[in-house]
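Residue numbers (the working numbering): 580 to 752.
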């Protein structure tokens with residue numbers, strides 16, 4: 580890309596808007612995770628505080644916490660998919676605008692901006708966007724994977740707690 584090449588204003592404006600949306604979606608993933616994590620912790624601590632005194636109350640609180648964990652995990656997945664779709668569209672637009680082929684002078688660094696994907700990933704997205712999104716929801720070694728693991732850990736703890744409550748209830752019969 581020559582330094583004086585004119586980029587279509589409409590595409591550049593869409594690209595700027597995509598960066599704004601990516602920042603917003605990235606923040607949303609984290610904010611929703613924090614909200615549901617705190618709700619899960621509150622219900623977990625409430626259930627633990629009534630464990631000995633109220634079998635029914637404890638069961639209700641654990642079921643509520645389990646529901647919150649499932650809803651939180653679902654929202655995390657939806658937000659992650661929205662984020663990945665916007666990242667893919669931003670990257671395709673950057674490729675179309677020539678940001679991947681243009682380099683800074685005396686450098687091999689291209690002009691693609693934050694949340695940059697490698698050119699081979701952009702080719703993969705161009706081939707099959709949906710497959711790439713599904714593959715990227717919780718890839719190995721990512722923070723997103725750990726956010727899902729935390730939710731799944733809570734879900735596992737709640738299921739174990741419900742089984743323990745059932746055993747405790749059956750012993751009282």
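Note that CB positions come from ideal geometry on N, CA and C, so glycine has one too.
Does DSSP classify residue i as helix, strand or coil?
{"i": "residue 719", "result": "coil"}
{"i": "residue 606", "result": "helix"}
{"i": "residue 619", "result": "helix"}
{"i": "residue 699", "result": "helix"}
{"i": "residue 707", "result": "coil"}
Take residue i and list the residues in its own chain whose beta-carbon comes closer than 6 Å to its own, dropping the five residues that flank it on each side.
{"i": "residue 727", "result": "717"}
{"i": "residue 619", "result": "644, 647, 648 and 733"}
{"i": "residue 701", "result": "670 and 674"}
{"i": "residue 607", "result": "658"}
{"i": "residue 596", "result": "none"}
{"i": "residue 704", "result": "667 and 711"}
Looking only at its chain, what residues have a beta carbon closer than 7 Å to the beta carbon of residue i, apart from the 5 residues adjacent to it on each side?
{"i": "residue 593", "result": "672"}
{"i": "residue 656", "result": "716"}
{"i": "residue 737", "result": "641, 644, 645 and 648"}
{"i": "residue 708", "result": "667"}
If I measure Cβ to Cβ from residue i and keep anything under 8 Å in the same chain, skipping five residues before and after, which residues do I get?
{"i": "residue 772", "result": "Given a span of 580 to 752 for the chain in the structure shown, any question on residue 772 remains unanswerable."}
{"i": "residue 601", "result": "662, 665, 666, 669, 693 and 694"}
{"i": "residue 590", "result": "672, 675 and 676"}
{"i": "residue 629", "result": "636, 637 and 640"}
What do you get for residue i, buried or exposed, if any count of 16 or more other CB atoms within 10 angstroms of its CB means buried?
{"i": "residue 640", "result": "buried"}
{"i": "residue 713", "result": "exposed"}
{"i": "residue 584", "result": "Below a pLDDT of 50, predicted positions are generally treated as unreliable, and residue 584, at 49, falls in that range; the measurement from the model is reported next regardless. Exposed, since its Cβ has fewer than 16 Cβ neighbours within 10 Å."}
{"i": "residue 752", "result": "exposed"}
{"i": "residue 604", "result": "buried"}
{"i": "residue 740", "result": "buried"}
{"i": "residue 683", "result": "exposed"}
Can we count residue i as close to the ligand MN, meaning its CB is less than 8 Å from some heavy atom?
{"i": "residue 747", "result": "The model depicted lacks the ligand MN and carries no ligand whatsoever."}
Which whole-angstrom value describes the C-beta separation of residue i and residue j, a residue pair presumed to lie in contact below a C-beta threshold of 8 Å?
{"i": "residue 681", "j": "residue 690", "result": "5 Å"}
Original post:
Does the segment 660-676 come close enough to the segment 609-629 to have 3 or more Cβ pairs within less than 8 Å?
Top reply: no
Original post:
When the Cβ atoms of the segment 644-661 are set against those of the segment 724-732, are three or more pairs found closer than 8 Å?
Top reply: yes
Subject >> Any 3 or more C-beta pairs closer than 8 Å across the segment 633-647 and the segment 676-689 >> reply: no
**OP:** Could you tell me whether the segment 732-747 touches the segment 628-642, using the rule of 3 or more Cβ pairs below 8 Å?
**Re:** yes
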